[in-house]
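The structure appears below as structure tokens.
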Amino acid sequence: SKWNIVAGALTTTATIVYNFFKFDKKGPHYNMISNNLRKLRSWIEGKMILPIDKRFSPFDIYSISFKAYQSIIEEAQSINNVK
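Letter by letter, the sequence shown follows residues 5 to 87 in this note's numbering.
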């Protein structure tokens with residue numbers, strides 16, 4: 005029927021766009037970066053609510069989280085090298 009032809013054409017078009025922009029390789033990468041940023045946020049929040057006698061110094065929390073953030077961002081920028 006005509007609807008089958010239209011649905012087939014839409015599926016083909018969507019597949020071409022999906023493959024052209026390489027979403028199949030970028031999707032898991034974006035998901036991993038998002039999860040790493042969420043984990044970093046949770047870690048920072050967890051360290052900030054500890055009792056004062058068990059808490060890291062603010063500078064330690066900042067320096068550790070800054071290094072982790074830079075690592076995550078460098079990994080995110082490597083998506084341009086995915087082929």
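The beta carbon of each residue, even a glycine, is placed where N, CA and C say it ideally should be.
Residue from SER82, THR16, ILE76 and SER5 whose Cα sits closest to the Cα of LEU41 = Position 37 of the sequence shown, counting from 1, holds the residue named residue 41. Measuring from the Cα of LEU41, the nearest candidate turns out to be ILE76.
request  = Please state whether DSSP places ALA72 in a helix, a strand or coil.
outcome  = Within the sequence shown, numbered from 1, the residue matching residue 72 stands at position 68. Three-state DSSP puts ALA72 in a helix.
message = Given this structure, state the Cα-to-Cα distance separating ARG45 from PRO55, to the nearest angstrom.
response = Along the sequence shown, read from residue 1 onward, the residue named residue 45 stands at position 41. Along the sequence shown, read from residue 1 onward, the residue named residue 55 stands at position 51. Cα-Cα distance, rounded: 18 Å.
inquiry  = Would SER69 and ILE48 be called neighbours here (beta carbons separated by less than 7 Å)?
reply    = Counted from its first residue, the sequence shown places residue 69 at position 65. Counted from its first residue, the sequence shown places residue 48 at position 44. Inclusion of SER69 and ILE48 in the CB contact set at 7 Å is warranted, their separation being smaller than that value.
request  = Assign ILE9 to one of two classes, buried (16 or more other C-beta atoms within 10 Å of its C-beta) or exposed (fewer than that).
outcome  = By one-based count along the sequence shown, residue 9 stands at place 5. Classification of ILE9: exposed, given that the 10 Å Cβ count is below 16.
key: Inter-residue spacing [alpha-carbon to alpha-carbon] between GLU79 and LYS6   = The residue given as residue 79 occupies position 75 in the sequence shown. The residue given as residue 6 occupies position 2 in the sequence shown. Distance between the alpha carbons of GLU79 and LYS6 is about 46 Å.
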